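Note sheet for the following structure.
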């Protein structure tokens, strides 16, 4: 549009502002509102209506997403802190996580193939169970579209967080270890936040599983990467 | 501020290793592996990094927002595959959650019985 919108300050202010506003609305009126989806909707509608190109916005946006790097490193503190809690059951947890992640990749590929998803959509959706900053990196490594991968990952977390509690009751998954591992492995931070509302133990195990799968999932993807090249 | 510097340094270290070895792992994951190892080896103390780490983890959704806004460029691709996206996403997430939970619970009980 004009020069001032392509200044980084524009994108940074807009991003932080929309996020703060969404959090404020959630805390005051509407507990079910997801701040990320709400803020993203507001921003997209605003940019489209004002005719501001994404490149202009992202001059500042990329400054905000830069912090995902150190935030991913910070996951290490979760692994370290929750280690005493998971230590005795670590074999069951790690096996469940490994198989669950492999199953997730396989079933996603199968379903997308059956339902006729395009190749860029498929590649962007495969790593969706891992925490978002890692999912986005894996998507770029295997040649998908990081922006699409971002949305799929967030939607996966939301699905687990909204439908997961009822599903695990129905499926007879009751032990804290199993519930925490299932949520952390398949719906990362958003699922972990949901568990923390009700049980600190389940939430901590989920936090551990989420952080551990940030290491495990990219390693599982190494052969996928070789195969695709 | 020391905590933030440490976290950044590990990300940078990950990037340096990734570029040097062309390992097909994301730089942030290489950094995470090394950082976790250093915590367990007591090379890095949790107190040094805890405050910065908690701040960053708490606001992870904010840092992720620009990526989600980026979908505005891909609306057409998403519309063309909407059925596969919605169906694939919902079903695969619920199935993986159930399978992971069942398996972990089963393994956990089997282990307990052996003890």
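Residue numbers (my numbering), protein chains in the order written: chain A, 1 to 229; chain B, 230 to 344. Using N, Cα and C, we set each Cβ at its ideal position, and we do this for glycine too. Remember, predicted model here, so these are calculated numbers, not experimental data.
Exercise. Residues of chain A with CB under 7 Å from residue 337 (chain B), in chain order?
Worked result: 89, 92, 175, 177, 178
Taking beta-carbon pairs under 7 Å, can you tell me which members of the stretch 62 to 74 of chain A lie near chain B? 62, 64, 65, 67, 68, 69, 70, 71, 72, 73, 74
Using 10 angstroms around the beta-carbon of residue 53 (chain A), count the other beta-carbons present and answer buried if the total reaches 16, otherwise exposed. exposed
Check your understanding: If you drop the 5 nearest sequence neighbours on each side, which residues of the same chain put their C-beta closer than 6 Å to that of residue 112 (chain A)?
Key -> 122
Beta-carbon within less than 8 Å of residue 257 (chain B)'s beta-carbon, same chain only, minus the 5 sequence neighbours each way: which residues are those?
240, 243.
So what's residue 97 (chain A) in DSSP terms, helix, strand or just coil? Shown here, residue 97 (chain A) sits in a helix according to DSSP, grouped into three states.
Test item: CB-CB of residue 246 (chain B) and residue 259 (chain B) under 8 Å: yes
Is the distance from the Cβ of residue 204 (chain A) to the Cβ of residue 82 (chain A) below 8 Å? yes
**Prompt:** Under 7 Å Cβ-Cβ, which residues of chain B neighbour residue 218 (chain A)?
**Reply:** Simply 254, 255, 258.
query = Using the beta-carbon of each residue, which ones in chain B are nearer than 7 Å to residue 76 (chain A)?
reply = 261, 264, 265, 268
Which of the three DSSP states, helix, strand or coil, is assigned to residue 186 (chain A)? helix
Taking the alpha carbon of residue 224 (chain A) as the reference point, which residue from A:127, A:147, A:160, A:168 has its own alpha carbon closest? Ranking the options by Cα distance to residue 224 (chain A), first place goes to A:127.
May I have the straight-line CA-CA distance separating residue 235 (chain A) from residue 68 (chain A), to the nearest angstrom? An answer regarding residue 235 (chain A) cannot be provided, because it is not within the stretch 1 to 229 covered by chain A.
*asked:* Looking at chain A, is there any beta carbon in it that lies within less than 8 Å of the beta carbon of residue 249 (chain B)?
replied: For residue 249 (chain B), the answer is no, since every Cβ of chain A falls outside 8 Å of its Cβ.
**Prompt:** In chain B, which residues lie with their C-beta within 7 Å of the C-beta of residue 210 (chain A)?
**Reply:** The contacting residues do not exist; residue 210 (chain A) stays about 10 Å from chain B at best.
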